[in-house]
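From first to last, the protein sequence lines stand for chains S and C. To get this note's numbering, take the position in the first sequence, counting from 1, and add 11. To get this note's numbering, take the position in the second sequence, counting from 1, and add 540.
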Amino acid sequence: MRTWLTQHARTLAGTVARLAHAPVASLLNIGVIGIALALPVGFYVGLVNLQALARDLAADPQLSLFLTLDATSADVARTEERLRRHPGVRKFRHVPRDQALADLKASTGLGDIVGSLGRNPLPDAFVVDARDSSPQALGRLRDELGAWPKIAHVQLDSAWANRLAAALRLGRIAVLLLATLLAFALIAITFNTIRLQILTQRQEIEVSKLIGATDPFIRRPFLYYGAMLGLAGGLAAWAIVWVVALLLNHGLADLSQLYGARLELRHLAATDSASLLGFAAWLGWFGAWLSVGRHLAEIDPR
Amino acid sequence: MISFSKVYKRYPGGYEALRNVSFTIPDAQMTFVTGHSGAGKSTLLKLMTAIERPTSGTVVVNGQNVGALRPRAIPFLRRNFGLIFQDQKLLFDRNVFENVMLPLNINGYERREAARRVRAALDKVGLLGREKANPITLSGGEQQRLAIARAIVHRPSILLADEPTANLDADHANELGELFQSFNQVGVTVVIATHDEHLAARLEPRLIALRNGELVAAVPGDGP
C-alpha cells in the first residue's frame, strides 16, 4: 500500500515536472483546451443569467387592458365594475390616462416631448392579475376581455416571457451540442498529445517492459498527464469566462444606470465550477486512456 | 533453476530457431550458450524471459512454466532477471544515475534506499564518479558496464547477457568476464550467450552449444 502511494505521488510529481519542462508547448495545449471549453461554458453562464432574469419577470403574469381613446369616464366605470365581478380576476388596478402621462414625464426624461404634444396620447388602462396563471387560462381571459366594448387592446405581459423561456430551452440544447462537440475536440487533443509522447518515449517503454514494468505502471504517467492537461484546460476555461464576465459587467454597469435597473452577470456557481473542472480532467484522462490503450500495444519488445 | 524440455521454436514464416532443445541450468551456476550467429542463442534467452513463447515444449524458470504464464504475470517473472541486451538499450535522455534507477522505480523501492543501491551498483562496475554523465559521453566499455549496473541493481537471482563482449577489445572483455564471475560467486545464476571463445576458455563455465537450432553439446563445467 505504501509503495503504491509512493508510486502515485512520484508519478504526480513527474507529471508536473514534465508539464513544466516544456512550458510553451504545455501552455499552448492548455490554452487550446481552455478556449474550446470556454465557449460552451460562456454560453452556459449567459443562459443561466438570462434564465434568472426570465424567472423574475415571468413569475407574475399580468394582463394590460387598454381602453379606446374615446372612452368616457362612464365607460371606465363600467369596465371597472365588470372586472370586479369577473370570477377569473384576482385583483386589478386602474391606471388613469392623466396619471400615466405624468409617470411617463417623470420617469423617462421625455418631459419636453410629452409637453409639446397637444393632447394626451395615452388611453386609460387596467392592470389585471388573473386567478389562474396557466398560459391557456390567460389566453382565454385575454380573448374574453378583448371582446368587451370600448377595449382597444389586451396585452398578455407574460407572453414574451414564455417565448423567452422557449428560446432558452433551445439555447440549452445548443449549449449541450456545442459542449459535446468540444468535448470530442478535447479528447482528440489529449489523444494526439499522448500519442506523440508515447512515440518519443518508445525506448523507455520498451526497456521498462523488458525489465518487469507492469502495464498499469507504464500507463500511469500518461493517464496522469492527460488528466492534468484536462484539469489545467478547465481552469483556463474558468479563468477566461471569469475575465469575460468581469469585462461585460463593467459595460453592464453603465447600461443598467441608463435603464435604472440592476443588471449583473453572475459567474459560475461553486458546484458548476467543480463539475467543469472534474469533467475537463475526466475528458483529458479519457483521451489519454484511449491513446495509451491504442499505442502501447504496438510497442512489443523483441 | 532454468530448465528446457523438448523446446521447439518456430517463428511466423516457418523459420525454425530451436529444435528439440532440453537442458537444465542449476541455481548459482555460470553457463555459456555458444554457437554461430543464427544458431538460436538469442531465442533461447528470449524464451527464458517470456519475450517469446515456445511453439512446443516447456520452459521452467524458478518453478514457473514460462510458456503458460498469463500476460499479467510476465512482468513479475522478469523481475527475477537482470538483462544485458546486445544493443544495451540505454536511455540517452537521462544521466547514468537515472538509467540505473529505472529498475528500482519499477520495483517500487523507497527513494533513499534506491539511491543507495544505485551507488552500490555503479561502484561495483567502476562508474561511481560518472553518475551525472549522459551515457552518450561514455566509451563503449563504460556503456557496457552501465548496462550491467542497471541489470544488477535490483539484485536479481539470474543474470542474462546477450553477446556482452561483442564490441569490446580483449582487455575489456576480460574485465567483464571477471565481473560476471564475481556475481556468480555471490550466488547469482549467470547465463551468457556469446561466440567469444576466449572468454569461454578463460572462465571455464558450463557450456550449452547450439548449432542450427539444435543442442550439440551440454558440457558440465566444474564452476562453483
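Don't be surprised by glycine CBs; every beta carbon is placed ideally from N, CA and C. What you are looking at is a predicted structure, and each value in this text was computed from that prediction instead of being measured.
Under 7 Å by beta carbon: chain S residues contacting residue i
i: Arg593 of chain C; result: None at all; the shortest Cβ gap to chain S is about 12 Å.
i: Leu623 of chain C; result: Leu221 and Ile222
Segment limits, alpha helix (DSSP H) that includes residue i
i: Met641 of chain C; result: Val636 to Asn647
i: Ala28 of chain S; result: Arg13 to His32
i: Asp702 of chain C; result: No alpha helix (DSSP H) contains Asp702 of chain C, which is instead part of the beta strand (DSSP E) from Ile698 to Asp702.
i: Val303 of chain S; result: Ala281 to Leu307
i: Leu617 of chain C; result: Ile614 to Arg618
i: Lys220 of chain S; result: Arg213 to Leu221
i: Glu718 of chain C; result: Ala710 to Gln725
i: Val87 of chain S; result: Ser84 to Arg96
i: Gly150 of chain S; result: Pro146 to Gly157
i: Ile692 of chain C; result: Gly680 to Ile692
i: Arg742 of chain C; result: Glu737 to Leu743
Partners in chain S for residue i, counting only beta-carbon separations shorter than 8 Å
i: Gly648 of chain C; result: Thr14, Trp15, Thr17 and Gln18
i: Lys629 of chain C; result: Gln214, Glu217, Val218 and Leu221
i: Pro809 of chain C; result: No information on residue 809 of chain C is available, as it lies outside the stretch 541 to 764 that chain C covers here.
i: Arg619 of chain C; result: Ile222 and Gly223
Residue i: contacting residues in chain C (beta-carbon distance under 7 Å)
i: Phe228 of chain S; result: Ile646
Cross-strand partners of residue i (DSSP beta bridge)
i: Asn605 of chain C; result: C:Val600
i: Phe103 of chain S; result: S:Val139
i: Ser582 of chain C; result: The partner list for Ser582 of chain C (beta bridge, DSSP) is empty, contrary to what the question assumes.
i: Ser543 of chain C; result: C:Thr564 and C:Val600
i: Ile748 of chain C; result: C:Val573 and C:Ala758
i: Gln166 of chain S; result: S:Ser75
i: Tyr548 of chain C; result: C:Ser596
i: Glu556 of chain C; result: C:Arg550
Under 9 Å by beta carbon: chain S residues contacting residue i
i: Phe616 of chain C; result: Gly223 and Thr225
N-terminal and C-terminal residue of the beta strand (DSSP E) that residue i is part of
i: Ser75 of chain S; result: Gln73 to Leu78
i: Val658 of chain C; result: Counting along the chain, Val658 of chain C falls outside any beta strand (DSSP E), though it belongs to the alpha helix (DSSP H) covering Arg651 to Lys664.
i: Ala733 of chain C; result: Thr729 to Ala733
i: Phe621 of chain C; result: Phe621 to Ile624
Assumed close pair residue i, residue j - CB separation to whole angstroms, cut-off 8 Å
i: Thr282 of chain S; j: Lys161 of chain S; result: 54 Å between Cβ atoms; not a contact.
i: Phe637 of chain C; j: Val658 of chain C; result: 6 Å
i: Gly680 of chain C; j: Asn707 of chain C; result: 5 Å
i: Ala141 of chain S; j: Gly99 of chain S; result: 6 Å
i: Ile200 of chain S; j: Ile44 of chain S; result: 6 Å
i: Leu197 of chain S; j: Leu48 of chain S; result: 7 Å
i: Met541 of chain C; j: Asn602 of chain C; result: 7 Å
i: Val728 of chain C; j: Ala568 of chain C; result: 7 Å
i: Arg559 of chain C; j: Glu754 of chain C; result: 5 Å
i: Leu276 of chain S; j: Leu287 of chain S; result: The Cβ separation is near 17 Å, so there is no contact.
i: Gly622 of chain C; j: Ala691 of chain C; result: 3 Å
i: Lys549 of chain C; j: Thr595 of chain C; result: 5 Å
i: Leu631 of chain C; j: Val218 of chain S; result: 7 Å
- On the three-pair Cβ rule with 8 Å, is the region 573-584 of chain C touching the region 283-303 of chain S? Taking 8 Å as the limit for Cβ pairs, the verdict is that the region 283-303 of chain S does not touch the region 573-584 of chain C.
- Message: Any contact between the region 213-226 of chain S and the region 171-184 of chain S? By contact I mean 3 or more CB pairs, one from each, below 8 Å.
- Response: The region 171-184 of chain S and the region 213-226 of chain S do not touch, with fewer than three beta-carbon pairs separated by less than 8 Å.
- Message: For the region 229-245 of chain S against the region 32-48 of chain S, do three or more pairs of beta-carbon atoms, one drawn from each stretch, fall closer than 8 Å, so that the two count as touching?
- Response: Yes: the two stretches touch, three or more of their Cβ pairs being nearer than 8 Å.
- Task: Decide if the region 80-98 of chain S is in contact with the region 187-207 of chain S; the criterion is three or more beta carbon pairs, one per stretch, under 8 Å apart.
- Result: No, because fewer than three Cβ pairs between the region 80-98 of chain S and the region 187-207 of chain S fall closer than 8 Å, the two stretches do not touch.
- Message: Using a Cβ distance threshold of 8 Å, determine whether the region 684-691 of chain C contacts the region 662-676 of chain C, with at least three qualifying pairs required.
- Response: Yes, they touch.
- Would you call the region 637-653 of chain C and the region 705-722 of chain C in contact, with 3 or more CB pairs under 8 Å? Per the Cβ contact rule, the region 637-653 of chain C is not in contact with the region 705-722 of chain C (fewer than 3 Cβ pairs under 8 Å).
- Query: Per the contact definition of three or more C-beta pairs closer than 8 Å, is the region 163-171 of chain S in contact with the region 99-111 of chain S?
  - Reply: Judged by pairs of C-beta atoms under 8 Å, the region 99-111 of chain S does not touch the region 163-171 of chain S, as fewer than three such pairs exist.
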